[in-house]
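*Asks:* In the numbering used here, the protein residues as written are 75 to 460. Mind looking over this structure? Questions follow.
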Amino acid sequence: MTISTVENKLAIDCQKINLLGLSPEKLGKFFKDMGEKPFRATQVLKWIHQIGVDDFDQMTNLAKDLREKMKSIAEIKAPEIVSYHESKDGTCKWIIRVKGGDCVEAVFIPEKDRGTLCISSQVGCALDCSFCATGKQGFSRDLDAFEIIGQLWIAVKAFNSFGEKANRVVSNVVMMGMGEPLLNFDNVIDSMGLMLNDNAYGLSKRRVTLSTSGIVPMIDKLAEVSDVSLAISLHAPNDKLRDQLVPINKKYPISSLLASAQRYLDKMPDVRRKITIEYTLMDHINDRDEHARELAILLNKLPCKINLIPFNPFDQSDYRRVTKTALYRFRDILKNAGHTVTVRTTRGDDISAACGQLAGTVRDKTRRSERHINKHQQQPIKFVMS
Ligand code: SF4
Numbered sequence: 075m076t077i078s079t080v081e082n083k084l085a086i087d088c089q090k091i092n093l094l095g096l097s098p099e100k101l102g103k104f105f106k107d108m109g110e111k112p113f114r115a116t117q118v119l120k121w122i123h124q125i126g127v128d129d130f131d132q133m134t135n136l137a138k139d140l141r142e143k144m145k146s147i148a149e150i151k152a153p154e155i156v157s158y159h160e161s162k163d164g165t166c167k168w169i170i171r172v173k174g175g176d177c178v179e180a181v182f183i184p185e186k187d188r189g190t191l192c193i194s195s196q197v198g199c200a201l202d203c204s205f206c207a208t209g210k211q212g213f214s215r216d217l218d219a220f221e222i223i224g225q226l227w228i229a230v231k232a233f234n235s236f237g238e239k240a241n242r243v244v245s246n247v248v249m250m251g252m253g254e255p256l257l258n259f260d261n262v263i264d265s266m267g268l269m270l271n272d273n274a275y276g277l278s279k280r281r282v283t284l285s286t287s288g289i290v291p292m293i294d295k296l297a298e299v300s301d302v303s304l305a306i307s308l309h310a311p312n313d314k315l316r317d318q319l320v321p322i323n324k325k326y327p328i329s330s331l332l333a334s335a336q337r338y339l340d341k342m343p344d345v346r347r348k349i350t351i352e353y354t355l356m357d358h359i360n361d362r363d364e365h366a367r368e369l370a371i372l373l374n375k376l377p378c379k380i381n382l383i384p385f386n387p388f389d390q391s392d393y394r395r396v397t398k399t400a401l402y403r404f405r406d407i408l409k410n411a412g413h414t415v416t417v418r419t420t421r422g423d424d425i426s427a428a429c430g431q432l433a434g435t436v437r438d439k440t441r442r443s444e445r446h447i448n449k450h451q452q453q454p455i456k457f458v459m460s
């Protein structure tokens, strides 16, 4: 596309191109189509993602006429921050309005040795895991790439940590917020490309984690194009129980999921890489000793570390948090079986920012949220057991 075709496209769309979400390759093509040299893409990437500039006039190493040309056809626009919340434990949450008026949430968790930003990939989620607040909201749409990377841009800007070190710099990103990232594949890949690119955020592949509920063919596709860290939301040691907690399991059962996780590792040049297994523990649901023993055997052959997450209750949830006794017994059974196990500390639950609590505002196209509300009004809570 030449500059005149770019302008023609704009005339048809009446919409400027938002450069914030363009991958390095797409930004390169944007400048090529304008008849500019490829290094312009590198310059603009740095202005946007390393210096935090959203005004072409501040890009002083670009000629004035080029800046004027860019202003007429493009923009750099992050999604709008609706509100910002800070927990007493230092966790921060942004509610962010995206195109069309829906809202998603991004959460920053500061720790001694790192600062982790948990970002969303979809408005709501179509997969309806029974313990997840996002799932109960139903599904509206996939986020565009600028709305995904925009969450990181917003956080880095908020901490004034573009360029130089800041107190609360974002060192890690987890695609663990609202939505199933592998069902918004292209936009997630473009966004992660920016996270990893040295002319943008320059994060190490070990510090960018994609968490999936188990879309098996897409895990294989991910292995073709990326080597970020992979986390699997398992939550159950057998198909009978997982079918109830994570309904996508009926389509991609545990054996096929773990096989795809192993194939993902097999593609990595570094043999020390491991999969993270996430296991949310719910009282009297999946926290019994036999579940721990079954899980230990199930994961025997997969190079992995297991992250135990005490369930965080929310409105309309059918489950209760695991007791401390059951949590530590569960952990010890896994450890004694030779597994590496961590327990995720609950953070930010006073601002509904803890794991599994993100809800945003979703104009649900599935009518699932309505069904969940009706169900709660009409029925006593039932607990599943396996
Ligand atoms: S746990 Fe993840 S995949 Fe499941 S409903 Fe929630 S956001 Fe979707």
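Ideal placement from N, C-alpha and C gives every residue a C-beta, glycine not left out.
Within the continuous alpha helix (DSSP H) that includes Thr208, where are the two ends?
*Replies:* Where Thr208 is concerned, the enclosing alpha helix (DSSP H) stretches over 207-210.
*Asks:* Roughly how many angstroms lie between the CA atoms of Leu308 and Lys173, to the nearest whole one?
*Replies:* Using only the alpha carbons, I get a separation of about 32 Å.
*Asks:* Only counting runs of 3 or more residues, tell me where the beta strand (DSSP E) segments fall wholly within the region 124-193, in order along the chain.
*Replies:* Counting whole runs of 3 or more residues, the region 124-193 contains the beta strand (DSSP E) stretches 154-160, 166-171, 177-184, 189-192.
*Asks:* When DSSP builds the beta bridges, which residues end up paired with Tyr353?
*Replies:* Per DSSP, Leu382.
*Asks:* Under 8 Å by Cβ, that's how I've got Ile91 and Ala148 pegged, so tell me the actual separation to the nearest angstrom.
*Replies:* Sure, about 5 Å apart at Cβ, within 8 Å.
*Asks:* Please go through the same chain and pick out, in chain order, the residues whose beta-carbon is closer than 8 Å to the beta-carbon of Cys401, but skip the five residues on each side of it.
*Replies:* A small correction: the amino acid at residue 401 is Leu; Cys does not occupy that position in the sequence shown. Closer than 8 Å at the Cβ level, and outside the excluded window around Leu401, lie Leu355, Asp361, Leu382, Pro384, Val417.
*Asks:* May I have all residues whose beta carbon comes closer than 5 Å to any heavy atom of ligand 1, sorted in chain order?
*Replies:* The answer, residue by residue, is Cys199, Leu201, Cys203, Cys206, Thr208, Gly209, Glu254, Ser287.
*Asks:* If I follow the unbroken beta strand (DSSP E) through Asp216, where does it start and stop?
*Replies:* Counting along the chain, the beta strand (DSSP E) containing Asp216 begins and ends at 213-216.
*Asks:* Quick check: is the beta carbon of Asp163 nearer than 7 Å to any beta carbon in chain B?
*Replies:* Annotation note: the requested chain B is absent from the structure, which comprises a single protein chain.
*Asks:* Report yes if the C-beta distance between Leu94 and Phe236 is below 7 Å; otherwise report no.
*Replies:* Going by C-beta atoms, Leu94 is not nearer than 7 Å to Phe236.
*Asks:* What does the alpha-carbon distance come out to for the pair Pro387 and Thr419?
*Replies:* Between Pro387 and Thr419, the C-alpha separation is close to 14 Å.
*Asks:* First and last residue of the alpha helix (DSSP H) that includes Ile293?
*Replies:* 290-299 is the span of the alpha helix (DSSP H), which, as asked, contains Ile293.
*Asks:* State yes or no: is the C-beta of Asp313 within less than 7 Å of the C-beta of Ile328?
*Replies:* Yes. Within cutoff.
*Asks:* Using only the alpha-carbon positions, how far apart do Asn135 and Leu339 sit?
*Replies:* The alpha-carbon atoms of Asn135 and Leu339 are separated by roughly 42 Å.
*Asks:* List the residues that DSSP assigns as beta-bridge partners of Gly198.
*Replies:* BP columns for Gly198 point to Phe213.
*Asks:* In the DSSP assignment, find the unbroken beta strand (DSSP E) run with Ala366 in it and report its ends.
*Replies:* Premise fails: Ala366 lies in the alpha helix (DSSP H), 363-372, not in any beta strand (DSSP E).
*Asks:* Evaluate Gly412 with the Cβ neighbour count: other Cβ atoms within 10 Å of its Cβ, from every protein chain shown; 16 or more gives buried, anything less gives exposed.
*Replies:* Its Cβ having fewer than 16 others within 10 Å, Gly412 is exposed.
*Asks:* I need the straight-line Cα distance from Asp272 to Ala366, nearest angstrom please.
*Replies:* Cα to Cα, Asp272 sits roughly 41 Å from Ala366.
*Asks:* Taking its Cβ as the centre, do 16 or more other Cβ atoms sit within 10 Å of Pro153, making it buried, or is it exposed?
*Replies:* Classification of Pro153: buried, given that the 10 Å Cβ count is 16 or more.
*Asks:* Closest to Asp357 by C-alpha separation, out of Leu373, Leu332, Ser391, Pro377, would be which residue?
*Replies:* The option with the nearest alpha carbon to Asp357 is Ser391.
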